[in-house]
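So for the sequence shown, full-length UniProt numbering puts the first residue at 1; every next one is plus one. Encoded as structure tokens, the structure appears first; notes follow it.
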Amino acid sequence: MEELDLIVESVKHDMEAAIKHLDHAFQRIRAGRASTSMVQDVMVEYYGAATPLNQVANVSVPDAMTISIQPWDRTAIGAIEKAIINSNLGFAPSNNGENIILNVPPLTEDRRKELAKQAKGETEDTKIVVRNARQNGLKELKKLDGVSEDLVKNVEATIQELTDKYVKSCDEHLKTKEAEIMKV
Numbered sequence: 001m002e003e004l005d006l007i008v009e010s011v012k013h014d015m016e017a018a019i020k021h022l023d024h025a026f027q028r029i030r031a032g033r034a035s036t037s038m039v040q041d042v043m044v045e046y047y048g049a050a051t052p053l054n055q056v057a058n059v060s061v062p063d064a065m066t067i068s069i070q071p072w073d074r075t076a077i078g079a080i081e082k083a084i085i086n087s088n089l090g091f092a093p094s095n096n097g098e099n100i101i102l103n104v105p106p107l108t109e110d111r112r113k114e115l116a117k118q119a120k121g122e123t124e125d126t127k128i129v130v131r132n133a134r135q136n137g138l139k140e141l142k143k144l145d146g147v148s149e150d151l152v153k154n155v156e157a158t159i160q161e162l163t164d165k166y167v168k169s170c171d172e173h174l175k176t177k178e179a180e181i182m183k184v
């Protein structure tokens with residue numbers, strides 16, 4: 001019995017991790033407003049090491065369409081600009097010698113559709129991870145010896161219910177994100 005509970009918990013944990021990853025991926029997809037999370041994954045070449053942007057500079061959002069980056073070391077301005085350009089975020093950084101300013105342009109209809117498609121792709125990838133977690137759980141279940149068929153069937157049903165629940169959660173997350181992206 002304990003082994004069965006362990007399998008169900010493992011499957012549930014993997015599915016929850018997939019949803020958390022989806023949330024993180026959605027934070028990177030912008031929806032019209034500037035946000036510090038847009039640049040959180042930018043890695044800056046700083047003294048020979050790839051360093052997260054938030055460890056070499058203060059990142060803030062002074063208004064809805066601007067991201068301000070104030071490096072703690074002014075010599076890092078060039079490296080930060082280069083990292084932003086190479087990250088393919090679509091921002092053109094400008095600096096005044098002390099700060100780097102990123103103007104977040106308003107989204108065009110085509111760009112909104114492209115971002116919605118990107119969000120849909122992330123959702124499909126997450127659904128695949130959820131289904132793989134189900135498959136792994138079912139494989140572990142089949143490896144067990146000396147467990148009654150009724151218990152195995154019950155656990156299989158529980159795993160399927162979890163899968164349905166998390167796939168539905170993915171769809172709800174996508175619906176919310178698409179609404180946010182398409183809102184003008």
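Yeah, the Cβ is synthetic: ideal placement off N, Cα and C, and Gly gets one too.
CB contact flag (residue i, residue j, <7 Å)
i	j	result
V167	K117	no
E114	A25	no
P71	A57	yes
A18	V44	no
A133	V11	yes
A64	A34	yes
R112	M182	yes
L141	V155	yes
Closest Cα partner of residue i within the set the options
i	options	result
T66	N88, S37 and T75	S37
F91	G97, N103, N99 and E98	N103
E2	L151, S169 and Q27	L151
T176	E45, L22 and M15	L22
R74	G97, S87 and A64	G97
E172	S35, K120 and S87	K120
G48	V59, A76, Q27 and A179	A76
R28	S68, L138 and L89	L89
Spatial neighbours of residue i in its chain, beta-carbon cut-off 7 Å, leaving aside the 5 residues before and after
i	result
E81	P93, N95 and I100
V129	A18
S87	V42
Endpoints, the alpha helix (DSSP H) within which residue i is located
i	result
A79	I77 to N86
M1	Where M1 is concerned, there is no enclosing alpha helix (DSSP H), given that its DSSP letter is neither H nor E.
L138	E109 to K143
Residues near residue i by beta carbon distance below 6 Å, same chain, minus five either side
i	result
C170	T123, T126 and K127
Beta strand (DSSP E) segment containing residue i, residue limits
i	result
Y47	Premise fails: Y47 is in no beta strand (DSSP E) and is neither H nor E.
Per DSSP, cross-strand counterpart(s) of residue i
i	result
Q70	N58
I101	S68 and S94
T176	BP columns for T176 are empty, so no partner.
T51	V44
Cutoff 8 Å; reference residue i; Cβ partners in own chain excluding five residues on either side
i	result
T158	V8
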